[in-house]
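Inspection log for the structure reproduced underneath, given as C-alpha cells.
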Amino acid sequence: MPRVTLSDGSIHDLDRGLPLAEAMPDEAVCARVDGRLVDLAWPVEGDVNAEPVLSSEEEGLNVLRHSTAHVMAQAVCDLYPGTKYAIGPPINDGFYYDFELPESLNLDDLERIETRMREIVAANQPFLREELDRDAALERFADQPFKREIIETAEAEEGALGDRFSLYRNDGWADLCLGPHVPTTARLGAFKLLSVAGAYWRGDERRPQLQRVYGTVWPSGQELEAYLRRREEAERRDHRKLGRQLDLFSFPDELGMGLAIWHPRGGILRKQLEDFVRDLHVTRGYDPVFSPHIARSVLWETSGHLAKFAELMYPAMDGETARYFVKPMNCPFHVLIYKSRGRSYRELPMRLQELGTVYRQERAGTLHGLLRTRGMTTEDAHIICTEDQLIDELLAVFDLTLEIQRTFGFTDPVVNLSTKPGLAIGDEAMWARATEALRSALDKSGLDYTVAEGEGAFYGPKVDFHFHDAIGRLWQLTTIQCDFALPERFDMEYTGEDNHRHRPVMIHRAILGTLERFVGVLTEHHAGAFPLWLAPEQIRFVPIADRHASAAESQAVSMRERGLRVGVDASRETVQKKIREAQLMRIPYTIVLGDREIEAGTLSVRDRSASEVRGVPVAPFVDAAVEEAASRALDGVDLASLAGGSRPAAT
Ligand SMILES: [Zn+2]
Ligand SMILES: [Zn+2]
7 MPRVTLSDGS IHDLDRGLPL AEAMPDEAVC ARVDGRLVDL AWPVEGDVNA EPVLSSEEEG
67 LNVLRHSTAH VMAQAVCDLY PGTKYAIGPP INDGFYYDFE LPESLNLDDL ERIETRMREI
127 VAANQPFLRE ELDRDAALER FADQPFKREI IETAEAEEGA LGDRFSLYRN DGWADLCLGP
187 HVPTTARLGA FKLLSVAGAY WRGDERRPQL QRVYGTVWPS GQELEAYLRR REEAERRDHR
247 KLGRQLDLFS FPDELGMGLA IWHPRGGILR KQLEDFVRDL HVTRGYDPVF SPHIARSVLW
307 ETSGHLAKFA ELMYPAMDGE TARYFVKPMN CPFHVLIYKS RGRSYRELPM RLQELGTVYR
367 QERAGTLHGL LRTRGMTTED AHIICTEDQL IDELLAVFDL TLEIQRTFGF TDPVVNLSTK
427 PGLAIGDEAM WARATEALRS ALDKSGLDYT VAEGEGAFYG PKVDFHFHDA IGRLWQLTTI
487 QCDFALPERF DMEYTGEDNH RHRPVMIHRA ILGTLERFVG VLTEHHAGAF PLWLAPEQIR
547 FVPIADRHAS AAESQAVSMR ERGLRVGVDA SRETVQKKIR EAQLMRIPYT IVLGDREIEA
607 GTLSVRDRSA SEVRGVPVAP FVDAAVEEAA SRALDGVDLA SLAGGSRPAA T
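In the numbering used here, the protein residues as written are 7 to 657.
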C-alpha cells in the first residue's frame, strides 16, 4: 500500500491509484510532490513525500488565479459561440485571458460573463486532466487556431511531457494546459472581472488583435474587497491622469508611442530634481559630463550593444560617411571620456555623471505613461576605479542612494543582488569577481539583501534597491552594476604606482533610474501633492475682487524675489471656484486676499488639507516657506502656529 508522508510528518497509507486528495487537508488547492506542483486528483502509485499548497501562498494563489482564468474563458465561450481563445496566465493580483471574438466586449458584457462564471462555480465541476499525443491534441482543438499553433510550434523536448500534451476540461470545455488547477470550480475564491483591453497574439503587432479580459481573484471576499480598495487608490494616484490634470507632460501622437514632452509645470519640477541630484553629485566628487545622442556603429560593436542589445535599439541611420545609431545607453561615451588620454592611478577613482537621454524601442504593449517610455533620461554615472577601490566606491554609492531616496521619503529599501543572465558578455571568472565585489560590499554595508539568480545586466551583475510607496507598492528605483567586461572590450588602462599598465573596473549606477520613471513614481507616491521644493507652483494668490489683484501681484513679486514660485489667479471666476481649482492643481499654499487681509497686513492661507488659517503674518510665512523649500522638507509649514496658535477655520 503506497504511503504518503506529509510535510508535517503525518503518514497516510492509501490504496494504489487513489487521489492524493485523500491525504490532504481540505484547504489545500493542490500539492507539491518532489518539488513539483500536482493536482489533488493526482493518483498515488507509490510512496511519496507531499506537501499541501494553500491559496494563502504565492504558488497556491497562482493556481487559484489560473483556474479562475479557465472558468472565465469557459464562460466567454458559452456566451459567445465562435470564440477563439488564446492564453490565460496568472499575473500579479489576478489573471487575464485573450480572446478573438465576433464583437467587442464592454463593461456590461463583463458582468454577464461574471454571472455565467458564478453558475459554473455553483455547478461544482471537477477539473479533469487528460494527456494526448500531438495528433490527438490537434484534432481536439480543430476549431481553435491559437491552440493549434501552440501545439504545432511546441518543441518535442519542451515541458515534462515530451511530445505529449496535457489538457484540462471541465464540463464540455477544455484548455491546453500544464496545470495544476483547483480540484473543482466550487473551489474558486472571491473574484471580479475588471477590464478589457487590446492585445496582440504572441505580443506581435503583425498578428491578430485580441481582446484581453482582466480579472482578479482572492481566497476570501475580505481580501477581494481590500484589493479593490487598493486598486481604487492606485487609480486615484495614476500618474498619467495626474500628469494631465496637473499639466505636467503629455505623449502626443505625432511623436510616436512612448515619447513624452514636458510642459512648463513638469519642466520646473524636473529642473528641481535635476539640480538637486547634479549638485549633490558634484559635492560627492562626481564630475558632470555631456555626450551626444548618436554615435557610429563601431562604438556599439565594441561595447557589445549591437550583439546583445540590438533588439531594443532604434534602426541604423546611414550618414554620408558612416552608419549611426541612437544611443540606448550612456556607458560607451563615458568610456571614451576616460580614454581621451592616458590615465594614471592618481586620477582614480574617476566618477562621471550625466543626465543622459537614451532611446529604446520598448515593446508597444509594455509602454506605460512615464513608467516605461521609449525616450528617457537616465540619472547615470560611471565610476572607473582600481579593483582595490571597488568596495569603498560601492559603499559610497549605497550611502548616496539612501541619502537621495530619503529626501523623497523613500526609506527601508528592499535590496537584491542579481547574478549572471543567460545572455551575457565576459567570461565566468569576470562574473565571479564582479559578483563577489557586490556581495562583499553588501555584507560590509549591513544592508539586508536577497540573491536573484540570472537577473543581472548583460555586462555585469547588479544590486537593485526597491522602495515602498505611500500605498505599499514596491518600486525598483536604484540600480548599481559592477562591470569588468567593458574595460576589457574597450581596452581601458591606467598606469599604476608600479609604472605598469593595469585594467580599471567600472561601476554603472543610476540612483533615480530614469527621470521619467522617477517622476511617474513620485507623482503616484505623493498623489500629485509634491513636497514644496518640487511643486511647480508653490503659492497661489486668489484675489477676492478685481481691486485686490494688484496687491496680490505686488506681494507675489516680492515672494518671487525670495525664490518662491508664485501665481496669481486674476480670472473672473468666483473665489470658491478659484480655491477649488488651486486644490485640484495640488498647490501647496493658496492665499485669499481681500480688504480685510490688505488692511491687517496678514494672509489667509490654505494648505493642501484645505483648512484655512487667517491672520498669518506675511514675513514669517515667507521665511517659513523659503526654509521649507530649501530644506526639501516633506511636511508643510505649521500655519496655525505662525498665526499665533489660532485654530484653523473649517471650510
Ligand atoms: Zn490551466
Ligand atoms: Zn552604464
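We put the beta carbon where it would ideally sit given N, CA and C, even for glycine.
Closest by C-alpha distance to residue i, when choosing among the options
i       : options                            : result
Ala-516 : Arg-237, Pro-549, Cys-488, Ile-97  : Cys-488
Gly-100 : Val-69, Ala-313, His-299           : Val-69
Arg-175 : Lys-198, Gln-215, Ala-75           : Ala-75
Gln-80  : Pro-96, Asp-181, Asp-45            : Asp-181
Glu-605 : Pro-623, Ser-617, Glu-618          : Pro-623
Arg-122 : Tyr-344, Asp-84, Ala-148, Leu-286  : Asp-84
Gly-502 : Pro-355, Val-39, Leu-134, Asn-130  : Pro-355
Arg-170 : Thr-89, Gly-178, Trp-179, Cys-183  : Cys-183
Ser-615 : Leu-590, Ala-631, Phe-627          : Leu-590
Ile-486 : Ala-541, Leu-406, Glu-499          : Leu-406
Phe-255 : Met-263, Met-78, Arg-246           : Arg-246
Asp-601 : Ser-560, Ala-551, Ser-647          : Ala-551
Ile-103 : Glu-239, Ser-73, Ala-129, Glu-109  : Checking the sequence shown, residue 103 turns out to be Tyr, not Ile. Per the Cα distances, Ser-73.
Lys-450 : Leu-480, Leu-401, Gly-428          : Leu-401
Tyr-320 : Arg-284, Asp-497, Ile-93, Arg-369  : Arg-369
Phe-464 : Met-436, Gly-41, Lys-314, Val-82   : Lys-314
Asp-454 : Val-572, Gly-462, His-472          : His-472
Val-581 : Ser-560, Val-563, Arg-612          : Arg-612
Met-30  : Thr-11, Gly-23, Arg-22             : Thr-11
Phe-682 : Trp-306, Trp-224, His-388, Leu-377 : The first residue shown for the chain is 7 and the last is 657, placing residue 682 beyond what the model contains.
Glu-280 : Ile-410, Ala-322, Thr-392, Thr-596 : Ile-410
Asp-5   : Leu-46, Arg-9, Leu-24, Arg-236     : Any property of residue 5 remains undetermined from this structure, which presents the chain solely from 7 to 657.
Thr-372 : Ala-205, Val-304, Ala-34           : Ala-205
Lys-345 : Met-498, Met-323, Pro-95           : Met-498
Ile-157 : Arg-213, Asp-210, Leu-200, Ala-92  : Ala-92
His-340 : Arg-638, Gly-415, Val-563, Ala-301 : Ala-301
Local Cβ density within 10 Å of residue i, reported as buried at 16 or more and exposed below that
i       : result
Asn-55  : exposed
Ala-656 : The predicted model places Ala-656 with a pLDDT of 45, which falls under 50 and marks its position as unreliable; any figure quoted below should be read in that light. The residue is exposed, with fewer than 16 neighbouring Cβ atoms inside 10 Å.
Asn-112 : exposed
Asp-394 : exposed
Glu-161 : exposed
Lys-583 : exposed
Arg-660 : The structure shown does not extend to residue 660, since the chain is modelled only from 7 through 657, so no value can be given for it.
Gln-251 : exposed
Gln-215 : exposed
Phe-490 : buried
Asp-644 : exposed
Leu-261 : exposed
Lys-426 : buried
Pro-419 : buried
Cut-off 7 Å between Cβ atoms - residues of its own chain near residue i, not counting five sequence neighbours on either side
i       : result
Thr-456 : Asn-422
Arg-276 : Trp-268, Leu-521, Val-525
Arg-568 : Val-628, Val-632
Arg-118 : Leu-85
Gly-452 : none
Leu-107 : Tyr-86, Thr-89, Gln-217
Lys-153 : Phe-147, Leu-182
Lys-468 : Ser-424, Gly-462, Thr-485, Ile-486, Gln-487
Asn-130 : Thr-190, Thr-191, Ala-192
Ile-397 : Ala-443, Ser-446, Ala-447, Lys-450
Close beta carbons around residue i, own chain, < 8 Å, minus the five adjacent residues each side
i       : result
Ser-226 : Gly-195, Ala-196
Arg-242 : Ala-533
His-506 : none
Ser-652 : A caution first: Ser-652 carries a pLDDT of 49, below 50, which makes its placement in the model too unreliable to give a value.
Neighbourhood of residue i by C-beta, 6 Å cutoff - its chain only, sequence neighbours within 5 removed
i       : result
Pro-549 : Ala-555, Ala-558, Leu-599
Thr-363 : Thr-383
His-531 : Asp-475, Ala-476
Met-7   : Asp-19
Trp-48  : Leu-26
Gly-381 : Leu-265, Tyr-365
Ile-593 : Glu-543, Arg-546
Short CB-CB distance (under 7 Å) between residue i and chain C
i       : result
Ser-297 : No chain C is present in this structure, which holds just one protein chain.
**Report entry** Length at least 3, wholly inside the region 355–395: the beta strand (DSSP E) runs in chain order
**Finding:** Annotation note: the region 355–395 contains the following uninterrupted beta strand (DSSP E) runs of length 3 or greater, listed N- to C-terminal: 356–365, 381–391.
**Report entry** By C-beta, the residues closer than 5 Å to any heavy atom of ligand 2, given in chain order
**Finding:** Those residues are Cys-337, His-514, given in chain order.
Requested in this report: Could you tell me which uninterrupted beta strand (DSSP E) segments, each at least 3 residues in length, are contained entirely in the region 105–172, listed from first to last along the chain?
Outcome: Listed in chain order, they are 134–139.
Query raised in the report: Going along the chain, which unbroken runs of the beta strand (DSSP E) with 3 or more residues stay wholly within the region 606–655?
Result: DSSP runs (the beta strand (DSSP E)) wholly in the region 606–655: 608–612, 618–623.
Requested in this report: Ignoring anything shorter than 4 residues or poking outside the region 207–292, list the alpha helix (DSSP H) runs there in chain order.
Outcome: 227–242, 245–251, 270–289, all fully within the region 207–292.
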